[in-house]
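Undergrad: In our numbering, each residue's number is its place in the sequence shown (first place is 1) plus 51.
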Amino acid sequence: MEATVKVEDERPSYSLLPRMSQPYPWLVISHGEFVQRQTFFNISQHRYYTKIIPEMCNKQICCSSFGWLVLLDLVSSDCSLLNLISMETIQLPPFNMKFDTCILTAPPSDPNCHILFFNYIEDEFIFCFPGACEFSKQKLEDDVVISVTTFGGKTYCISSEYCLLTLEFEGSSLRFTKLSVKTESKLFNFTIQRKKYLVEFSGKLLLVCKIYSLRLYEWASYFEVFRFDFCEREWVEVKSIGNNAIFLADQCYGSCYSVAEEFDIKGNSIYYTQCEDRNIYVYDLEDQSVTTYLPCPIVSRRKSSHYWCMLPMADNS
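(1) For residue 121, count neighbouring C-beta atoms within 10 Å of its own C-beta (all shown protein chains included) and say buried if the count is 16 or more, exposed if not.
(2) Report, in whole angstroms, the separation of the C-beta atoms of residue 335 and residue 319, which I expect to be a contact under 8 Å.
(3) For residue 110 and residue 123, which I take to be in contact (beta-carbon distance under 8 Å), what is that distance rounded to the nearest angstrom?
(4) Does the separation of the CB atoms of residue 86 and residue 154 fall below 9 Å?
(5) Tell me, please, which residues DSSP counts as bridged to residue 130.
(6) Which residues in the same chain have their Cβ closer than 6 Å to the Cβ of residue 142, if we skip the five residues on either side of it in sequence?
(7) Assign residue 169 to one of two classes, buried (16 or more other C-beta atoms within 10 Å of its C-beta) or exposed (fewer than that).
(8) May I have the straight-line CA-CA distance separating residue 259 from residue 272, to the nearest angstrom?
(9) Pick out the complete alpha helix (DSSP H) segments inside the segment 283-352, 4 residues or longer, and give them in chain order.
(10) Exposed or buried, residue 247, counting other C-beta atoms within 10 Å across all chains shown (16 or more means buried)?
(11) Look at the alpha carbon of residue 284 and the alpha carbon of residue 278, and state the distance between them as a whole number of angstroms.
(12) Can you tell me where the beta strand (DSSP E) with residue 24 in it begins and where it stops?
(13) Run through the DSSP bridge pairs and tell me what residue 224 is partnered with.
(14) What do you reckon, are the CB atoms on residue 322 and residue 299 nearer than 9 Å?
(15) With a CB to CB cut of under 6 Å and the five nearest residues on each side skipped, what residues in its chain are close to residue 55?
(16) For residue 281, count neighbouring Cβ atoms within 10 angstroms of its own Cβ and tell me buried if that reaches 16, exposed if not.
(17) Please give me, in chain order, every unbroken run of the alpha helix (DSSP H) with length at least 4 that falls completely inside the segment 160-227.
(18) Tell me which same chain residues have a C-beta within less than 8 Å of the C-beta of residue 207, skipping the five on either side of it?
(19) Using only alpha-carbon positions, find the residue among 115, 303, 275 that is nearest to residue 291.
(20) When the Cα atoms are used, what is the spatial distance from residue 340 to residue 333?
(21) Just to confirm, is the Cβ distance from residue 94 to residue 78 under 9 Å?
(22) Should residue 225 be labelled buried (16 or more other beta-carbon atoms within 10 Å of its own) or exposed?
(23) Taking Cβ positions, are residue 97 and residue 315 nearer each other than 9 Å?
(24) Please go through the same chain and pick out, in chain order, the residues whose beta-carbon is closer than 7 Å to the beta-carbon of residue 186, but skip the five residues on each side of it.
(25) Is residue 66 helix, strand or coil when you go by DSSP?
(26) DSSP three-state label for residue 84, please.
(27) When you compare only the Cα positions, how much space is there between residue 90 and residue 233?
(28) Count the other C-beta atoms from every protein chain shown that fall within 10 angstroms of the C-beta of residue 156, then say buried if there are 16 or more, exposed otherwise.
(29) Alpha carbon to alpha carbon, how far is residue 295 from residue 253?
(30) Looking only at its chain, what residues have a beta carbon closer than 7 Å to the beta carbon of residue 82, apart from the 5 residues adjacent to it on each side?
Pasting the structure below:
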């Protein structure tokens, strides 16, 4: 019988992902002159580990879901999927378009798996399935999409008018279905500048709004959280998320996790980062305070990018 060879046995340690158990996402910072280094910050232990992982060198992390990364080469049009356990790579069609957010709808082994990019400026969806020869494009008529996510096996997006839509893949085209939404919510104050994130958590669909500072655009002043009531078809404000923490990426993507006592994670809080900035910010939903700390002092903010990624749990076998 042929012995199974683990990835750890074939590669030097500096090219391996950190193998430490943490039921929360790691902040992955891509940096270096040629984006050849990846620094992984463990938020529960406040420690960082710098690696040089060949499959991630010179790559932008577009999405992290189901144990896979969607990677885009910063020089060429190369686009691929990377499995974080086996380090298997799946080649995708060339991609050389601008985008604001990216999601993976299911694991690549699932026939419903699609890779979906969205360009906010062009109001355009760019998508494909593993094994496709090229990406397809489609615009949403008569509306503007501001965030996309997967929830309960479906793909949802929200418009600038806070209308929730379901998105279904039909070959090389998309079909959108609008869910009518009541407009009495404070969400419909359009004088306030917001950045919106659709976040799935424990059977609920949340809308997290980053409220911009009036003086410093792109810097958060405070946050608001809403839950979609599928029976009443309305957004309901949530004053507390309890003993849970939300993690927001710059690319309009977010995730939410329960907080365990043995880990140094603050409940009822939102962890987020800012573009061209090195810090992690923690917003307390109860008292609206913000705590700031520097995850890695050796990283330059001008040549770095960051993304929250769930890494495989440590295998002690």
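For glycine and all other residues, C-beta sits at the position ideal for the given N, C-alpha and C.
TA: With the structure as the only source:
(1) Mapped onto the sequence shown, residue 121 falls at position 70. Flag for residue 121 reads buried.
(2) By 1-based counting over the sequence shown, the position of residue 335 is 284. By 1-based counting over the sequence shown, the position of residue 319 is 268. Indeed they touch by this definition, with Cβ atoms about 7 Å apart.
(3) Within the sequence shown, residue 110 is the residue found at index 59, counting from 1. Within the sequence shown, residue 123 is the residue found at index 72, counting from 1. About 6 Å; that satisfies the 8 Å criterion.
(4) Position 35 of the sequence shown holds residue 86. Position 103 of the sequence shown holds residue 154. No, they are not a contact pair.
(5) Working through the sequence shown from its first residue, we reach residue 130 at position 79. Beta-bridge pairing links residue 130 to 123, 143.
(6) Indexing the sequence shown from 1 puts residue 142 at position 91. Answer for residue 142: 131, listed in chain order.
(7) As a position in the sequence shown, residue 169 is number 118, starting the count at 1. Burial call: buried.
(8) Here the question's residue 259 lines up with position 208 in the sequence shown. Here the question's residue 272 lines up with position 221 in the sequence shown. When rounded, the distance between both Cα atoms is 13 Å.
(9) none
(10) Within the sequence shown, numbered from 1, the residue matching residue 247 stands at position 196. Answer is buried; the Cβ neighbour count reaches 16.
(11) By 1-based counting over the sequence shown, the position of residue 284 is 233. By 1-based counting over the sequence shown, the position of residue 278 is 227. Cα-Cα distance, rounded: 10 Å.
(12) Since the first residue of the chain shown is 52 and the last is 368, residue 24 is not available in this structure.
(13) For the purposes of this step, residue 224 is taken as residue 173 along the sequence shown, with counting starting at 1. According to DSSP, residue 224 bridges with 221.
(14) As a working note, residue 322 is residue 271 in the sequence shown. As a working note, residue 299 is residue 248 in the sequence shown. A contact, by the Cβ cut-off of 9 Å.
(15) By one-based count along the sequence shown, residue 55 stands at place 4. Low local confidence applies: a pLDDT of 36 at residue 55 is under 50, so the model's placement there is unreliable, with the coordinate-based value given in what follows. Closer than 6 Å at the Cβ level, and outside the excluded window around residue 55, lies no residue.
(16) For the purposes of this step, residue 281 is taken as the residue at position 230 of the sequence shown. Looking at its Cβ environment, which holds fewer than 16 other Cβ atoms inside 10 Å, residue 281 is exposed.
(17) none
(18) Position 156 of the sequence shown, counting from 1, holds the residue named residue 207. Once the five neighbours on either side are set aside, the close Cβ partners of residue 207 are 199, 200, 201, 215, 216, 217, 218, 249, 256.
(19) Counting from one through the sequence shown, the residue named residue 291 turns up at place 240. Of the listed residues, the one whose Cα sits closest to residue 291 is 275.
(20) Here residue 340 corresponds to residue number 289 of the sequence shown, with the count starting at 1. Here residue 333 corresponds to residue number 282 of the sequence shown, with the count starting at 1. Their backbone Cα atoms lie some 8 Å apart in a straight line.
(21) Here residue 94 corresponds to residue number 43 of the sequence shown, with the count starting at 1. Here residue 78 corresponds to residue number 27 of the sequence shown, with the count starting at 1. A contact, by the Cβ cut-off of 9 Å.
(22) The residue given as residue 225 occupies position 174 in the sequence shown. It counts as buried.
(23) Residue numbering aside, residue 97 sits at position 46 when the sequence shown is read from its first letter. Residue numbering aside, residue 315 sits at position 264 when the sequence shown is read from its first letter. Closer than 9 Å, so yes.
(24) One-based indexing of the sequence shown puts residue 186 at position 135. Excluding sequence neighbours, residue 186 sits near 144, 146, 177, 178, 179.
(25) Translated into positions along the sequence shown, residue 66 becomes position 15. Three-state result, residue 66: helix.
(26) In the sequence shown, residue 84 corresponds to position 33, counting from 1. Residue 84: coil per DSSP, three-state reduction.
(27) Working through the sequence shown from its first residue, we reach residue 90 at position 39. Working through the sequence shown from its first residue, we reach residue 233 at position 182. Cα to Cα, the separation comes out at about 44 Å.
(28) On the sequence shown, position 105 is the one that residue 156 refers to. Residue 156 is buried by the Cβ-count criterion.
(29) Within the sequence shown, residue 295 is the residue found at index 244, counting from 1. Within the sequence shown, residue 253 is the residue found at index 202, counting from 1. Their Cα atoms are separated by approximately 11 Å.
(30) Counted from its first residue, the sequence shown places residue 82 at position 31. Around residue 82: 88, 90, 350, 351, 354, 355.
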